[in-house]
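Numbering (our numbering), first residue to last: 26 to 634.
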């Protein structure tokens, strides 16, 4: 016992000697260490602020790309890719406030149309070239004569895995200010984004502090800083800090890479803006030993508090997500490939009024009973992808809701893999999209239809006709019937515009009855209508023109005295023309030939036309 007590005493004694010896040494060296610590803290603080700004900028860029991706997906769902018709969605999305200019470019020609109607060839610009090769990117562009350049976001527009165009947008100054500004630099320092050559791309806070320089390396050269190390670090993607003298004042600079191109973020600020006053040195000397003793206990307490706080934040986030899903009418799910389980959250019952049909991932080999039979095949294809562990998938389908109505929904999933590349988990959600699709359909109707008669307007009619001259339908015969009402001005003047409007609507109704569902009827303007007969020869076109003339002559108008007849010119594809304009020109000649020879008849284009 005595030996053990002596041994413990000497251990304690030696520990005390070592401790106080170390403390005494720390006290002697604290002055030198304190100054170095202050300098390191200054660098560390500046790096932290720079990293926060970098993360904010990159997150802001990612958010803008997500908005653009949603816009691009909406565009790709539309039938046909026409530049002028692709800005209908912008007002409905109403989330593109970070851009002051949005454009869509044609994949083949590089011709772009902006949201303000301006057309411009962008085929020589980097953001267009990157997107054409399938890359989403942020690029800096400064046009000739522009005092400042702009950041352009760009991404390809896909349709059936093929690039059909390029969506690009120019970041506005409000967005730039939001992500190129930090309160710590206000009134003190400056920050900027440069390319790998040091040329400035974006600037925040006080640009006048760099004395109107456009290259950050040239600016530091004027401060007698060797830029060789900066260039070397930038080439290696390193973060570094250094001090320099600016107007007899010591400044601190940190530069670090952005995860965008080869760009760098430079942050400079006077040391006094970050560093404590000289009185802190004395305080550090007095408290240095206490801090060393307390650091372990403080670290343990801090870690415990952080864990407790993080758990609380996770719980709060789960509650927020749950409320958000309930508000949006979504049902989320999680699947486990090893356990072969598939679990939907409780929102599914609230959304559909019944328990989930699927309990396992392997259950997706059969369609659920509430999905319409016409959508079984597309749903089963998605199910096969899910079972096979494809990285992601999405399908739109119709099903019976809890009130018995048919509604559109979208099933979206994403698969996570283990270190061997095998599917581990799948996550996703079921989203109601019925209102969204109905809104899109309504907008499409407003764009394509003539508001008075309900048939296609001229733009839509010409588009659909020209589409029939490509693909498999280009091997078939088609006919264009150009129709003009006879003496329509006399009807308007003699019986009034109400009867005139009625005659136009009645004519459109008769034309829709006379043709097949595969044919097109359009109002080209005034009392001029057109009918496009698919897969029809000259004899069939002439017969149909006669039927239309007879049906219109026999039609009952609001006034028994008013008789409406028409004159029709006919041109056929491919012998009379290869596109709408060529057929229209020849059919128009035939129409006026009928007008001159007595009206109420039709004329076929011949070799003399």
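Where a beta carbon is used, it is the ideal one built from N, C-alpha and C, also for glycine.
Bear in mind the structure is a predicted one, so any value in this text is a computation, not a measurement.
message: Here's the rule: buried if 16 or more other CB atoms are within 10 angstroms of the residue's CB, otherwise exposed. What is residue 61?
response: exposed
task: Can you check the region 213-263 for any beta strand (DSSP E) of at least 3 residues that lies completely inside it and give the ranges in chain order?
output: 215-219, 225-230
query: Between residue 408 and the rest of its own chain, which residues show a CB-CB distance below 6 Å, the 5 nearest in sequence each way excluded?
result: 389
- request: Could you give the DSSP three-state label for residue 93: helix, strand or coil?
  value: helix
query: Between residue 241 and residue 219, is the Cβ-Cβ spacing less than 8 Å?
result: yes
query: Terminal residues of the continuous alpha helix (DSSP H) containing residue 139?
result: Segment 136-139 is the beta strand (DSSP E) holding residue 139; no alpha helix (DSSP H) there.
query: DSSP beta-bridge partners for residue 197?
result: DSSP, once it has assigned bridges, lists no residue as partnering residue 197.
task: Would you mind sorting residue 543 into buried or exposed? The rule is 16 or more other CB atoms within 10 Å of its CB.
output: exposed
- request: Using the Cα positions of residue 629 and residue 606, report the straight-line distance between them to the nearest angstrom.
  value: 17 Å
message: Taking a contact to mean a Cβ-Cβ separation below 8 Å, would you say residue 451 touches residue 434 in this structure?
response: no
message: If contacts are defined as beta-carbon pairs under 8 Å, then residue 437 and residue 419 qualify, I think. What distance do you get, rounded to the angstrom?
response: 5 Å
message: With a threshold of 8 Å, are at least 3 pairs of Cβ atoms found where one atom belongs to the region 187-206 and the other to the region 249-267?
response: no
According to DSSP, residues forming a beta bridge with residue 631: Answer is none; residue 631 lacks a bridge partner.
message: Does the region 63-76 come into contact with the region 286-296, if we say contact requires no fewer than three beta-carbon pairs (one atom in each stretch) closer than 8 Å?
response: yes
message: Buried or exposed, going by whether 16 or more other CB atoms sit within 10 Å of the CB of residue 441?
response: exposed
field: Three-state secondary structure assigned by DSSP to residue 626
entry: coil
task: Using a threshold of 8 Å, state whether the C-beta atoms of residue 529 and residue 582 are closer than that.
output: no
- prompt: Do residue 269 and residue 279 come within 8 Å of each other at the CB atom, strictly closer than that value?
  reply: no
task: May I ask you to report which of helix, strand or coil DSSP gives residue 493?
output: coil
- request: Would you mind working out which of 149, 141, 244, 431 sits nearest residue 127, comparing C-alpha positions?
  value: 141
- prompt: Is it buried or exposed for residue 372, if we count other Cβ within 10 angstroms and need 16 for buried?
  reply: buried
- request: Starting from residue 410, follow the alpha helix (DSSP H) in both directions and report where the run begins and ends.
  value: 401-413
- prompt: Would you call the CB atoms of residue 552 and residue 624 closer than 8 Å?
  reply: no
query: My guess is that residue 565 and residue 503 are in contact by the Cβ rule of under 8 Å, so how many angstroms apart are they, rounded?
result: Not quite, the Cβ-Cβ distance comes to about 10 Å (not below 8 Å), so this is no contact.
- prompt: Which residues share a DSSP beta bridge with residue 448?
  reply: 442
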